[in-house]
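Protein chains in written order, with the working numbering: chain A, 592 to 981; chain B, 592 to 981.
Protein chains: 2
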Amino acid sequence: MPAQDFTPAEYETRLSRTRAEMARRGLSVLILADPSNMAWLTGYDGWSFYVPQAVIVHVRDGVLWWGRTMDMPGAAQTTWLSDDDLFDWPEAHVQHPDHHPFDHLAESLQSRGWTAGIGVEMDNYYYSAAAHRVLERALGAGALQDATGLVNWQRAVKSGAELALMRKAGQLTAAMHRVLRETARPGLPKHELVARVQAAGLTGVPGLAGDYPAIVPIAPSAREAAAAHLTWNDKPMQPGEATYFEISGCYQRYHCPVSRTLHLGPPPAEMKRAEEAVLQAVADALAAARPGATCEAVAACVYDALGRAGFEKTSRTGYSVGLSYPPDWGERSMSLRPGDTTELQENMCFHLMPGLWTPEWGLAITETFVVTPDGGQPLTDIPRGIAEIG
Amino acid sequence: MPAQDFTPAEYETRLSRTRAEMARRGLSVLILADPSNMAWLTGYDGWSFYVPQAVIVHVRDGVLWWGRTMDMPGAAQTTWLSDDDLFDWPEAHVQHPDHHPFDHLAESLQSRGWTAGIGVEMDNYYYSAAAHRVLERALGAGALQDATGLVNWQRAVKSGAELALMRKAGQLTAAMHRVLRETARPGLPKHELVARVQAAGLTGVPGLAGDYPAIVPIAPSAREAAAAHLTWNDKPMQPGEATYFEISGCYQRYHCPVSRTLHLGPPPAEMKRAEEAVLQAVADALAAARPGATCEAVAACVYDALGRAGFEKTSRTGYSVGLSYPPDWGERSMSLRPGDTTELQENMCFHLMPGLWTPEWGLAITETFVVTPDGGQPLTDIPRGIAEIG
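Have a look at this one:
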C-alpha cells in the first residue's frame, strides 16, 4: 500500500506525463535515483537512499523498483508496484571499493535489452559520478542522456490531492511557529527551543501526524544569522538579539516551509525598516504570482521593493516546492530569479524567500504559496511580522 | 571559531595524515565534497550541502573552502580557515540547467595552475555525475583520480577528543532510549513516540545539547519491520507487536547509533529465541573486536552465533561510524562482512548491526563500540534485551 493518499488514477497521470516527456526526448528508459521522483511515481518511502536505488521507467514496458535486498520489503509495502516489478542488487555491493551496485544495474539493463536511449539524473545527490561511470563503461556514453529534472518538472503543477497535503503540511508549520512564539524567551538555550519546535511538527495537530522535513531547522541568532544555513547550538537566547527560523512541517513527504524572525525585545530601527521592506516585497510578489507571470517577474517584485528601501538582495528569492527528501525541500526546477522566464501556471507552488543577510544580522520572512488566478495564495497562515518577544 | 571542540594541533594532525596519503597516491589537490570530510578537516558546519561546495586541500599549498556566497559567512564562523582561504561561486549557478557551480571551480583550479593530480570523491552524494563531467571537460579525464574514501579512511582511528564526543553522543542515545522505554504503550500513535524520543535527543542531558543525527529514527512495527529502513507513521502501537528503533544521539556531529526492540506484551517464543542468538552474537563480536582482528573475523562471530541458533543473516553486520552528515551516519570505509580483511586498530569505532529481518518481524539489537585491547567496548550503556512493555 503506498504511504501516500493518492489514487491509482493519479499515479497513472504522473506516469503518462513522464512517459510523454521521455518520448519527446527520444528516451526509452529513465533511471530515477532522486528519492522524491521515485516516491512521486511509485509511492516508495524509506530512508534507504544512502545506498544506490532507483525507479526505472520504460517508455512503454513497465516500471521497476531496484534497490538493496533488505529494502525490497519496504518497496512492497509502500509502492503500488507488484512484487514482480521489484528487483535487488547483491548485498556484497554495499559501499565496496572494488565493485558497485550499478554494476548489477548495468547487467540488468543489458539482459533486458534496454541499452540505448537511457535517461539518467546526472545532477542529483543520489546519482554519483561513480554510478555514471559504471553505466558509461558498460553501455557506452552514447547510450546515456542527461535527464536531470525531467520528472521534477512534471511535479511542478500540483494536483488537488497534492495541494491538500501541502496545506496539511502548512498546518504543521503553523503549529511549529506557534510553539516557537510561545516558548522563546531570554535565557532559553536554543537547542531546547528547537527540540520543542521539532516535536510540535512531528506530534502534529489532531488527525495530522508529522513526517521528517527534508531540511532540519535553520535557526541562527544575531551575527550567526549573517550566514544563511547554520542550524542551532546550545547558547541561551539573548535580549536584543534576532533569530530567524527557517522551518517546515512535513506531511506525507510534502512540505510548506515558512521562515519567521523573532526578536527578543524591540528590534532596532534598521531591522524594522528592513522588515517593512520585506513585508512589502512579499505582498508585491504574491500579488504578481498569477498564471502567465514569469518567475523573473515575480522575483523582480522582491528586488524592487527591497531596492526602494535601500536594501540589495543578490540571491534568488524563491523556488518550487512540494514532495521531497533530504537534503533539499526545493524541487530543483524553477527559481524566482532573473533569467528564469518560466511562466507560472495555476497550482504551481513556490517558497518565496526574500531573506536578507547583513554582516550584523539576518532577517527571513517567507511564504509558501500556490499560484491562483488571484495571485499567490499562502498555504498556511502565520503572523508575518517580526515576533517581538518579552 | 570551529563548531567542534578540537585543538589546532588536532586539525594539524588530520591534515598531515590526509596530505601523506595524497602524496602516497601522487595527488597534488584533493576536492572534498563530502560534508563529513569537510567538517573533519576544517570544522565547517551548516546545512548547505544541498548545493555544491567543497574543501580543497593542496598537498603543500593551503586548504580552501569553496561554496555559495551566502554560506561563506558560515565558513568564516565555523572553520579555522582565514578569510583569505574562503571563496565563492556566483549565485547565478544555483540549480541552473545550463551552467554549474563546478564551472567556477574548474576555472579557479586553472587560474591557480592546479590542473593535474586532482583527487575527487567519485562515489559521494555530494559529488554528482554532472559535477564530474564539468571537471573532466575542463581539465581532461587524465587530470582526475578517484579519491573516494581517502579522507574517510583517515577518520577511522578516533582521537581522544573524538572518543569523548562519541561517548557524549552515546549519553544522548541513552536518554532517547530511556524516553522510549518509559513512553511506549499500547495505543500511543508512533509519531508521538518518535516526537518525544527525538526531542529527548535534542534537549539532551545537562551540559550536552543534541545536534541533528544523520539518519532520522527508523521505527517499523510488526510486519512493517520486515523492511529495513521504514521510518514511522501515525498508527497506534498494538499489543503483541514488536517495534525496533534504530536511533542515535548526535553531539557536535558525532554519532553513537544503538538499536533496541520493544515488544508490547510478552514476545513470542521464536522472537525470544532470536533475541538470545542476537545477544550471543553481540557478546561474541565484542569479545573478538581487539586490535589485529579483521573486520570479517568479527563479522563471522555474528553469523556463527546466529547460525548456531538456525538464523541466517546475509547482510553486512556493521560499519565504521563517527562524524557524519545526512544521509548516512556510517563512515563508508570498513564494513563488518566477509571479504573485509581490514585489521582493527585501537580506537576505531563501529556500529555492530546484527539485525534480523524475517517476513513477519524484525529484531534489531545493536551496539556502537570502540576497539580496545580488551575487545569492543560499547560507547554507551543501554539495557540490551527486548524491552517488554506493559
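Ideal Cβ placement from N, Cα and C applies to all residues, glycine included.
How many Å lie between residue i and residue j at the Cα?
{"i": "T660 of chain B", "j": "P681 of chain B", "result": "7 angstroms"}
{"i": "L935 of chain A", "j": "V748 of chain A", "result": "9 angstroms"}
{"i": "L793 of chain B", "j": "G840 of chain B", "result": "8 angstroms"}
{"i": "P804 of chain A", "j": "P918 of chain B", "result": "13 angstroms"}
{"i": "S607 of chain A", "j": "N938 of chain A", "result": "19 angstroms"}
{"i": "V849 of chain A", "j": "T963 of chain B", "result": "48 angstroms"}
{"i": "L732 of chain B", "j": "T905 of chain B", "result": "A small correction: the amino acid at residue 732 of chain B is Ala; Leu does not occupy that position in the sequence shown. Cα to Cα, A732 of chain B sits roughly 38 angstroms from T905 of chain B."}
{"i": "L853 of chain B", "j": "E958 of chain B", "result": "16 angstroms"}
{"i": "A978 of chain A", "j": "P830 of chain A", "result": "13 angstroms"}
{"i": "T609 of chain B", "j": "A738 of chain B", "result": "11 angstroms"}
{"i": "Q686 of chain B", "j": "L897 of chain B", "result": "48 angstroms"}
{"i": "P811 of chain B", "j": "G953 of chain B", "result": "8 angstroms"}
{"i": "Y716 of chain B", "j": "H768 of chain A", "result": "31 angstroms"}
{"i": "D674 of chain A", "j": "I647 of chain A", "result": "15 angstroms"}
{"i": "D666 of chain A", "j": "P626 of chain A", "result": "One point to set straight first is that residue 666 of chain A is Ala, not Asp, in the sequence displayed. Straight-line Cα distance between these residues: approximately 12 angstroms."}
{"i": "K863 of chain A", "j": "V889 of chain A", "result": "24 angstroms"}
{"i": "H695 of chain B", "j": "W671 of chain B", "result": "24 angstroms"}
{"i": "G600 of chain B", "j": "V961 of chain B", "result": "Checking the sequence shown, residue 600 of chain B turns out to be Ala, not Gly. Taking the straight line from one Cα to the other gives about 23 angstroms."}
{"i": "L970 of chain B", "j": "Y602 of chain B", "result": "23 angstroms"}
{"i": "H649 of chain A", "j": "A721 of chain B", "result": "23 angstroms"}
{"i": "V590 of chain A", "j": "I838 of chain A", "result": "Only positions 592 to 981 of chain A appear in this structure, which leaves residue 590 of chain A out of reach."}
{"i": "G946 of chain B", "j": "R907 of chain B", "result": "9 angstroms"}
Looking only at its own chain, which residues have a Cβ that is under 7 angstroms from the Cβ of residue i, when we skip the five neighbours before and after it?
{"i": "R923 of chain B", "result": "G740, N743"}
{"i": "H820 of chain B", "result": "I809"}
{"i": "P777 of chain A", "result": "M828, Q829, P830, L855, G981"}
{"i": "E887 of chain B", "result": "R928, P929, G930, D931, T932"}
Determine, using beta carbons only, whether residue i comes closer than 8 angstroms to chain A.
{"i": "W590 of chain B", "result": "Outside the modelled stretch of chain B, which goes from 592 to 981, sits residue 590 of chain B, for which no answer is possible."}
{"i": "Y602 of chain B", "result": "no"}
{"i": "V889 of chain B", "result": "no"}
{"i": "Y641 of chain B", "result": "yes"}
{"i": "R724 of chain B", "result": "yes"}
{"i": "Q736 of chain B", "result": "no"}
{"i": "L730 of chain B", "result": "no"}
{"i": "F597 of chain B", "result": "no"}
Taking only three categories from DSSP, how would you classify residue i?
{"i": "L606 of chain B", "result": "helix"}
{"i": "D563 of chain A", "result": "One cannot answer for residue 563 of chain A here, as it falls past the ends of chain A, which runs 592 to 981."}
{"i": "R899 of chain B", "result": "helix"}
{"i": "P857 of chain A", "result": "coil"}
{"i": "G792 of chain A", "result": "helix"}
{"i": "L877 of chain B", "result": "helix"}
{"i": "P593 of chain A", "result": "Here the model assigns P593 of chain A a pLDDT of 47, short of 50, so the residue's position is not dependable, and the following value carries that caveat. DSSP places P593 of chain A in coil when its eight states are reduced to three."}
{"i": "T959 of chain A", "result": "strand"}
{"i": "G847 of chain B", "result": "In the sequence on display, residue 847 of chain B carries Cys and not Gly. Three-state result, C847 of chain B: coil."}
{"i": "D737 of chain A", "result": "strand"}
{"i": "W823 of chain B", "result": "coil"}
{"i": "E837 of chain A", "result": "strand"}
Give me, in chain order, the residues of the same chain whose beta-carbon lies closer than 6 angstroms to that of residue i; leave out the 5 immediate sequence neighbours on both sides.
{"i": "M592 of chain B", "result": "At M592 of chain B, the pLDDT of 44 sits below 50, so the modelled position is not reliable and the matter cannot be decided from this model."}
{"i": "W705 of chain A", "result": "V620"}
{"i": "L618 of chain B", "result": "G708, G710"}
{"i": "A878 of chain B", "result": "G966"}
{"i": "I622 of chain B", "result": "A645, I647, V711"}
Could you tell me whether the Cβ of residue i comes closer than 8 angstroms to any Cβ of chain B?
{"i": "M986 of chain A", "result": "No statement about residue 986 of chain A is possible, as the shown extent of chain A runs from 592 to 981 and does not include it."}
{"i": "G617 of chain A", "result": "no"}
{"i": "H820 of chain A", "result": "yes"}
{"i": "P918 of chain A", "result": "yes"}
{"i": "P688 of chain A", "result": "yes"}
{"i": "Q644 of chain A", "result": "no"}
{"i": "L793 of chain A", "result": "yes"}
{"i": "A611 of chain A", "result": "no"}
{"i": "D825 of chain A", "result": "yes"}
{"i": "A872 of chain A", "result": "no"}
Measuring from the CB of residue i, is there a heavy atom of the ligand ADP at a distance below 7 angstroms?
{"i": "A729 of chain B", "result": "Absent from the structure shown: the ligand ADP. Ligands present: none."}
At least one CB of chain D closer than 8 angstroms to the CB of residue i: is that the case?
{"i": "F941 of chain A", "result": "In the structure shown, chain D does not exist; the protein chains are A and B."}
Can you list, in chain order, the residues of its chain whose CB lies under 8 angstroms from that of residue i, leaving out five sequence neighbours each side?
{"i": "G976 of chain B", "result": "E866, L870, I956"}
{"i": "D875 of chain B", "result": "C892, V893, D895, A896"}
Note to self: Which residues of the region 619 to 638 of chain B have a Cβ closer than 8 angstroms to any Cβ of chain A? Give them in chain order.
What the structure shows: D636, G637, W638
Item checked: chain B contacts from the region 690 to 722 of chain A (Cβ-Cβ distance under 9 angstroms) -> H691, V711, E712, M713, D714, N715, Y716, Y717, Y718, S719, A720, A721, A722
Next item on the list: Note down, in chain order, all residues in the region 654 to 665 of chain B with a beta-carbon under 9 angstroms from any beta-carbon belonging to chain A.
Entry: R659, T660, M661, D662, M663, P664, G665
Check: Given a limit of 7 angstroms on CB to CB distance, which residues of the region 668 to 683 of chain B reach chain A?
Finding: Q668, E682
Next item on the list: With 9 angstroms as the limit, tell me which residues of the region 759 to 783 of chain A have their beta carbon closer than that to any beta carbon of chain B; keep them in chain order.
Entry: P780, K781, H782, E783
Next item on the list: Give, in chain order, every residue of the region 838 to 850 of chain A whose Cβ lies closer than 9 angstroms to some Cβ of chain B.
Entry: none
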